[in-house]
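Trainee: Just add 108 to wherever you are in the sequence shown, counting from 1, and you've got our numbering. Note that CB positions come from ideal geometry on N, CA and C, so glycine has one too. Everything numeric in this text was worked out from a predicted model, so none of it was measured. The structure follows.
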Amino acid sequence: MVNTVTLKDLRPDLPEVVNLIDSKLDRYIITKHGRPVVVMLSVDDYESMLETIDILSDKKAVARIKKSKQDISEGKTVSWKKLRKDIERVQN
């Protein structure tokens, strides 16, 4: 969820806002003089965004994702039971 709050209104509520960001992964856009100046989000949210950017900037990874989606739509999948059995075989 993205919330917008003015810098003036944020000041007294900062501890509560930080708690909401940490516990509920809320995002806040902070405005100053009516203009957005800062985004506040959790570290987990931030790291997830960086990871997504890294993946999407890797052309080979994007190609594999597209291929996987195509395989799924064509029914080229493996059951969980078979996958688990294959993993157990490799681990032993």
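1. Please confirm whether residue 140 and residue 122 have their CB atoms less than 7 angstroms apart.
2. For the candidate residues 120, 143, 147, whose alpha-carbon lies nearest to that of residue 109?
3. Straight-line CA distance for residue 136 to residue 154?
4. Using 8 angstroms for Cβ pairs, my map puts residue 129 next to residue 149. What's the rounded Cβ distance?
5. May I ask you to report which of helix, strand or coil DSSP gives residue 148?
6. Taking residue 144 as the reference, give the member of 125, 190, 113 with the closest Cα.
7. Find out if the Cβ-Cβ distance for the pair residue 161, residue 169 is shorter than 7 angstroms.
8. Quick check on the DSSP output: the beta strand (DSSP E) that includes residue 184 runs from which residue to which?
Mentor: Taking the geometry as given:
1. As a working mapping, residue 140 is identified with position 32 in the sequence shown. As a working mapping, residue 122 is identified with position 14 in the sequence shown. In this structure, residue 122 does not lie closer than 7 angstroms to residue 140 by Cβ.
2. Against the sequence shown, residue 109 aligns to sequence position 1. It is 147.
3. As a working mapping, residue 136 is identified with position 28 in the sequence shown. As a working mapping, residue 154 is identified with position 46 in the sequence shown. The C-alpha of residue 136 lies about 13 angstroms from the C-alpha of residue 154.
4. The residue given as residue 129 occupies position 21 in the sequence shown. The residue given as residue 149 occupies position 41 in the sequence shown. Yes, they are in contact, since the Cβ atoms of residue 129 and residue 149 sit about 6 angstroms apart, within 8 angstroms.
5. Locating residue 148 in the sequence shown gives position 40, counting from the first residue. Three-state DSSP puts residue 148 in a strand.
6. Your numbering for residue 144 matches position 36 in the sequence shown. Among 125, 190, 113, the Cα nearest to that of residue 144 is on 113.
7. Here the question's residue 161 lines up with position 53 in the sequence shown. Here the question's residue 169 lines up with position 61 in the sequence shown. Taking 7 angstroms as the Cβ cut-off, residue 161 and residue 169 do not qualify as a contacting pair.
8. Numbered from 1 along the sequence shown, position 76 holds the residue referred to as residue 184. First-last for residue 184: undefined, no H or E at that position.
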